[in-house]
Each structure stands twice: as structure tokens, then as C-alpha cells.
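Residues 16 to 178 in the working numbering are what the sequence shown lists, from first letter to last.
Inspection log for the structure reproduced underneath, given as C-alpha cells.
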Amino acid sequence: MRRREREITDPLEIDRIINTADYLHLGLVDDGAPYVVPLNYGVTKDSNDGHYILYLHGSHEGRKLDIIRKNSKCCFTIEANVAPFTGRMACQYGMTYECIMGFGDITIVDDPQEKISSLKALMKTQTGSDDFEFDERMVAIVTVMRIDVHELSAKRRPLPGSE
């Protein structure tokens, strides 16, 4: 990271951003060409080593799944509190933000119980509520993808002068 003064290292701040943002941008590589798509997500942590696990959902077919089946490596960004600011000159305009950038392996979830828990995590991240119920019939109509995050960094750009 070039601008170390913007780096977020506090695990509680990273958790707050991941747990309150609305969507992520998933980056995949399709035969050497980049492919990026915005998606809703759910988040949990692995009970053994504490790494983040992100869950995504979608249809049973499409380009995203075709790419994942060929190449399980992925990256993602999560942005929160994004807002433009102005300045006296063009080069003083910019954006405030908090963001997470990560790398991991993405797999398709087949186990119905993991699909149920992952969709509950997705709804919790999206709504703040964990009282949604799913059954095997409901989860059979969606594909769930799991990102095991191996590398993660975070940064913030505050409003100039507020640092």
C-alpha cells in the first residue's frame, strides 16, 4: 500500500466495514481477461483460524459460474462511506471512502446445510436481521459461492483537513 497513513489495521474497524457495506465487486480472470461484477454478499469467519468467508449467490448458470469452474482464484473490493468532495481547483476534488481489498479462492457450495447458513449470513449482512428461514427446497433454486479470503487490506480516505 503506497499511502500507509490511510491504512486501516484495527480488526474492529475492518469488521465494521465488512459487516455494514452493501455489496462487493468480485474480480475473476476469464482466459486472461478480467471480469468484474457487483454482488450482494454475506460474511462469516472460519471457526478454526478466523479467516473471513464471504458468501455470494446467483443463478445456476452464466458467465460468472463458467469462469469460477475454470479458475477458482478471485479478488474483491468492498467500499463504504463513499462521498465526493470539492476543492478550489480541479486537483483538489476527490472522494472520501473506506475500502477493503482482498484475494481468495472461490468455490461453489453444494452442501444444503452450508447453503442455508450462507444465505442467512447474506441476509444478515444485507438487512442486519438474522431471523430469515430457509429450507432445502428454497436453497435448491440458487447457486451459492464461497470465498475463503487469504489476503486482505483496508484503507480510508477522510475528508481533507479532518485527518
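Just so you know, even glycine gets a beta-carbon here, dropped at the ideal spot from N, CA and C.
Computed from a prediction, not measured in an experiment: that's the story for all the values here.
DSSP three-state assignment for residue i, whether helix, strand or coil
i: R103; result: coil
i: G48; result: It should be pointed out that residue 48 corresponds to Ala in this sequence rather than to Gly. In this structure, A48 counts as strand in the three-state DSSP scheme.
i: L134; result: helix
i: T122; result: strand
i: T59; result: strand
i: T140; result: helix
i: I93; result: strand
i: V159; result: strand
i: T35; result: helix
Classification of residue i by the beta-carbon crowding that lies within 10 angstroms, buried from 16 upward
i: I123; result: exposed
i: T142; result: exposed
i: R152; result: exposed
i: I83; result: buried
i: M160; result: buried
Other residues of its chain near residue i: CB distance less than 6 Å, five sequence neighbours each side excluded
i: V51; result: H40 and G42
i: A105; result: none
Close-in-space but distant-in-sequence residues of the same chain around residue i (CB under 7 Å, 5 per side omitted)
i: G102; result: Y108
i: A136; result: G57, V58, T59 and Y70
Residue i at chain D interface by Cβ criterion, 8 Å
i: D46; result: Protein chain content of the structure displayed is limited to a single chain, and chain D is not contained in it.
Closest by C-alpha distance to residue i, when choosing among the options
i: V164; options: C114, K170 and D120; result: D120
Contact set for residue i: own chain, Cβ-Cβ below 8 Å, skip 5 residues either direction
i: V154; result: P127, K130, I131 and L134
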